[in-house]
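The number in our numbering is simply the position in the sequence shown, starting from 1, with 757 added.
For glycine and all other residues, C-beta sits at the position ideal for the given N, C-alpha and C.
Before any comments, here is the structure.
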Amino acid sequence: MTAIKMQIQKRTESGKNLVKKIRKDNIIPAVVYSRGGETASVSVDSAEFLRVYKSAGSSSLLSLELEGETIPAIIKEIQRHPVKNQILHVDFQKLNMDEKVRMTVPIVLVNRDSIKLQPSILMQLLDQIEIECLPTDIPNGAEVDVENMDFTTPMLVKDLDIANNENITILRELEDVVCTLTQPSINREDEDEETSIPEATEAAPDVIESEE
Numbered sequence: 758m759t760a761i762k763m764q765i766q767k768r769t770e771s772g773k774n775l776v777k778k779i780r781k782d783n784i785i786p787a788v789v790y791s792r793g794g795e796t797a798s799v800s801v802d803s804a805e806f807l808r809v810y811k812s813a814g815s816s817s818l819l820s821l822e823l824e825g826e827t828i829p830a831i832i833k834e835i836q837r838h839p840v841k842n843q844i845l846h847v848d849f850q851k852l853n854m855d856e857k858v859r860m861t862v863p864i865v866l867v868n869r870d871s872i873k874l875q876p877s878i879l880m881q882l883l884d885q886i887e888i889e890c891l892p893t894d895i896p897n898g899a900e901v902d903v904e905n906m907d908f909t910t911p912m913l914v915k916d917l918d919i920a921n922n923e924n925i926t927i928l929r930e931l932e933d934v935v936c937t938l939t940q941p942s943i944n945r946e947d948e949d950e951e952t953s954i955p956e957a958t959e960a961a962p963d964v965i966e967s968e969e
């Protein structure tokens, strides 16, 4: 897959107050770390990060552009403000292009608004899935087409498109259920009205007077 470019800058500020200051300037403090390597303090323009994150999510390969150096990386963690939902800090993980990486990618149900069997209710049981592959083989997500689903056959992990990619190892049982399609339940009040049977009026017994 093609890596998405993102401009980052070295960060020399340290301390709580200085970090707050750059956040006010719409700059997000971040770090770039790698296994066995040093951690670099960097920053990224808030608008630049949101632009890339909107299209790439946290499962796409990035090319971090830092002072003429290109760093292959993924977004490993995003810290947000608990109330404002503002991004406070980002962790980038530097990748070795010749070394496999484990990561989680989202599961996308294709044509979920075009399911032919109606009325029906689509239940998604798995939202994401862990995989292992080389950085160049990282998918944006794992897809499965649900347009022709029926009530008796759920979609399984083995039905995902990445299950057919020999360069990607799925770290989950292939028989695990991804989603199911069910019939909507009948409204209980309507059901009671339809099935209720008027009570029969019990006839009074004939009284036969005995003759004495």
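Note down the Cα distance separating residue i from residue j, rounded to an integer number of angstroms.
i, j, result
"L818", "L891", "10 Å"
"Y810", "T759", "15 Å"
"L775", "L938", "52 Å"
"Q875", "V858", "41 Å"
"G825", "N868", "42 Å"
"Q766", "S798", "9 Å"
"E889", "P911", "25 Å"
"N897", "T926", "15 Å"
"V901", "L928", "17 Å"
"V768", "I784", "A small correction: the amino acid at residue 768 is Arg; Val does not occupy that position in the sequence shown. For R768 and I784, the distance between alpha carbons rounds to 10 Å."
"Q940", "I835", "39 Å"
"N924", "M854", "14 Å"
"I864", "R792", "28 Å"
"L845", "H838", "6 Å"
"R808", "D782", "17 Å"
"L866", "E795", "39 Å"
"K777", "E805", "19 Å"
"M880", "N922", "26 Å"
"E930", "I919", "14 Å"
"F908", "D870", "16 Å"
"N842", "I943", "39 Å"
Under 8 Å, do residue i and residue j count as touching if we go by C-beta distance?
i, j, result
"I741", "S815", "Absent from the model: residue 741. The displayed extent of the chain is 758 to 969, so no value can be given."
"P786", "S803", "no"
"V862", "A813", "no"
"V914", "D894", "no"
"I779", "S820", "no"
"V903", "L917", "no"
"V788", "A830", "no"
"E856", "Q764", "no"
"M906", "I872", "yes"
Per DSSP, which one or two residues make a beta bridge with residue i?
i, result
"T926", "E889"
"K812", "A quick correction: the sequence has Ser, not Lys, at residue 812. Answer by DSSP bridge pairing: none, since S812 is not bridged."
"Q970", "Because the chain spans 758 through 969 in this model, residue 970 falls outside it and cannot be assessed."
"F849", "V789 and I832"
"I761", "L819"
"T937", "M880"
"L931", "Beta-bridge pairing links L931 to no other residue."
"L913", "V934"
"I844", "R837"
"I784", "D802"
> Looking at C-beta atoms only, is the number of pairs between the segment 842-854 and the segment 869-884 that lie closer than 8 Å three or more?
Replying inline: no
>> Just to confirm the assignment: which complete beta strand (DSSP E) runs, minimum length 3, are found wholly within the segment 857-903?
In response: 858-867, 878-881, 885-890 and 899-902
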